[in-house]
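For reference, the structure is listed below as structure tokens.
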Amino acid sequence: MSRQLNAPAEADRDQSAADTVPALRRTVMVLDLIAGSPAPMTAADITRALKLPKSTAHGLFAVMQELNLLVKKSDGTFRLGPHPLRWANSFLSELDVLTVFRAYFAKDTAFASYTLTLTVLDGQEVVYIGCRNSDQPLGHTFRLGMRLPAPFTATGKMLLSQLPPEELQRLFADGFPEPMTPRSVTSLAALQRELPATAARGYSIDDGQIREGMVCLGAALRDHSGQAVAGIAISLLSSEATAETIAGLGIRIRTTAEDVSRHLGHHGG
């Protein structure tokens, strides 16, 4: 009996929740539209773009202003309010490239047979902050905290390819690092000739430049702003690195880096 008496109340709650969902969706749509608009938008612009009922839009904008999701400017256009920034800051504070790297590759076994490294650019060098060694002997051990000249490493090449030309010039104004192997790039001019192809390809190739007999392929990790904040690379023996293998693994490391970057808040192409 009591179950039957409670049924209308439960139905009312379910209906109320269902009615709230479209409002939530519209709120997110409004925020996305304003955030992505190149020009300021009025209430009429937003209503028209999203095909909102006028009566719904009026109430929605009022509540969004009350909650500091939107701010109405003196010219009648809207901008994002301060409240979304709290969410953004909370999200960004939780993001750490090393944490994301560890969590991602703890689950992903696509490169289990290759040594996988994570580096950041520090001046003319890259610093190794993450590593997952394979069971296959490489003849080279990557250690956390290790530094290597950026122009010779796969991740370094990739990260350097993202810098403006003037920044690259400034970085090596005091000189270029001594080659580590006979295959190491020997000058800034030679590096500059190499980097455009690296950037266009989306992955970099160290063909024995830090150790003969070893090939590394790298790609950039990007944060929410699109900035390249770190690089990941896989390493394999030169004897395994046919042109076909390099092309296939290069594409895989690039697409993997894009996926990891999404976990860092990047949503670009």
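Just so we're aligned: 208 in full-length UniProt numbering is position 208 of the sequence shown, and the numbers increase by one with no gaps anywhere.
All residues carry an ideal CB built from backbone N, CA and C; glycine is no exception.
The structure presented is a predicted model; accordingly, all values stated were derived computationally and were not measured.
Assuming D206 contacts F152 (C-beta within less than 8 Å), just tell me the rounded distance between them.
-> Counted from its first residue, the sequence shown places residue 206 at position 206. Counted from its first residue, the sequence shown places residue 152 at position 152. Indeed, because the Cβ distance is near 6 Å, the residues count as touching under 8 Å.
Based on the DSSP output, what are the partners of D122 in its beta bridges?
-> Taking the first residue of the sequence shown as 1, we reach residue 122 at position 122. E125, per the DSSP bridge assignment.
Have a look at N133, G123, S134, L168 and flag the residue whose alpha-carbon is nearest the alpha-carbon of R147.
-> Start at 1 with the first residue of the sequence shown, and residue 147 comes out as number 147. Answer by Cα proximity: G123.
According to DSSP, what are the bridge partners of S205?
-> Looking up residue 205 in the sequence shown gives position 205. The residue asked about is misnamed: residue 205 is Ile in this sequence, not Ser. I205 is bridged to L217.
Do you know whose CA, among L163, A247, S113, lies nearest A199's CA?
-> Looking up residue 199 in the sequence shown gives position 199. A199 has its Cα closest to that of L163, out of L163, A247, S113.
Should K72 and Q65 be called a contact, given that it needs their Cβ atoms to be closer than 9 Å?
-> Here the question's residue 72 lines up with position 72 in the sequence shown. Here the question's residue 65 lines up with position 65 in the sequence shown. Yes.
Would you kindly report the start and end of the unbroken beta strand (DSSP E) that includes P149?
-> Position 149 of the sequence shown holds residue 149. Per DSSP, P149 belongs to the beta strand (DSSP E) from 147 to 149.
Keeping to the same chain, check which residues put their C-beta closer than 7 Å to that of F172; ignore five residues upstream and five downstream.
-> For the purposes of this step, residue 172 is taken as the residue at position 172 of the sequence shown. Here the set comprises Q124, L188.
Under the rule that 16 or more other beta-carbon atoms within 10 Å means buried, what is K157, buried or exposed?
-> Within the sequence shown, residue 157 is the residue found at index 157, counting from 1. With 16 or more other Cβ atoms within 10 Å, it is buried.
Check whether the Cβ atoms of S184 and V215 sit closer than 9 Å, and answer yes or no.
-> To locate residue 184, count along the sequence shown from 1; it is residue 184. To locate residue 215, count along the sequence shown from 1; it is residue 215. Not in contact: S184 and V215 (Cβ atoms no closer than 9 Å).
Between R102 and G202, what straight-line distance do the alpha-carbon atoms span, to the nearest angstrom?
-> Start at 1 with the first residue of the sequence shown, and residue 102 comes out as number 102. Start at 1 with the first residue of the sequence shown, and residue 202 comes out as number 202. Taking the straight line joining both Cα atoms gives about 22 Å.
Span of the alpha helix (DSSP H), counted from its first residue to its last, around T155 = If you number the sequence shown from 1, residue 155 lands on position 155. Counting along the chain, the alpha helix (DSSP H) containing T155 begins and ends at 154 to 160.
Proximity below 9 Å, CB of F111 to CB of R254 | Here residue 111 refers to the residue found at position 111 when the sequence shown is read from its first residue. Here residue 254 refers to the residue found at position 254 when the sequence shown is read from its first residue. Remark: C-beta atoms of F111 and R254 do not approach each other more closely than 9 Å.
C-alpha gap between G250 and A220, whole angstroms = As a first step, residue 250 must be located in the sequence shown, where it is residue number 250. As a first step, residue 220 must be located in the sequence shown, where it is residue number 220. In a straight line, the C-alpha of G250 is about 12 Å away from that of A220.
For residue 270, which three-state DSSP category applies?
-> In this structure the chain extends from 1 to 269, so residue 270 is not present and cannot be described.
Closer than 9 Å to chain B by CB, P182 | Any reference to chain B falls outside this structure, which holds one protein chain only.
Which residue from L264, R25, G145, S113 puts its Cα closest to that of A228?
-> Counted from its first residue, the sequence shown places residue 228 at position 228. Ranking the options by Cα distance to A228, first place goes to L264.
Member of G226, A241, T256 whose CA lies at the smallest distance from the CA of I232 | Here the question's residue 232 lines up with position 232 in the sequence shown. With distances taken between Cα atoms, I232 lies closest to T256.
For R222, does the three-state DSSP call read helix, strand or coil?
-> On the sequence shown, residue 222 is found 222 positions in, with the first residue counted as 1. Here DSSP, grouped into helix, strand and coil, assigns R222 to strand.
If you run the structure through DSSP and keep just helix, strand and coil, what is L195?
-> Counted from its first residue, the sequence shown places residue 195 at position 195. L195: helix per DSSP, three-state reduction.
S120 versus D174 - alpha carbon distance | Here residue 120 corresponds to residue number 120 of the sequence shown, with the count starting at 1. Here residue 174 corresponds to residue number 174 of the sequence shown, with the count starting at 1. This sequence places Val at residue 120; Ser is not what is there. Their Cα atoms are separated by approximately 21 Å.
Under 9 Å between C-beta atoms of M41 and L31 | Here residue 41 refers to the residue found at position 41 when the sequence shown is read from its first residue. Here residue 31 refers to the residue found at position 31 when the sequence shown is read from its first residue. Result no, Cβ atoms of M41 and L31 do not sit closer than 9 Å.
Would you grab the beta carbon distance between T115 and S134 for me? Rounded to a whole angstrom, and I think it's under 8 Å.
-> The residue labelled residue 115 in the question sits at position 115 within the sequence shown. The residue labelled residue 134 in the question sits at position 134 within the sequence shown. With a Cβ gap of about 5 Å, T115 and S134 count as contacting.
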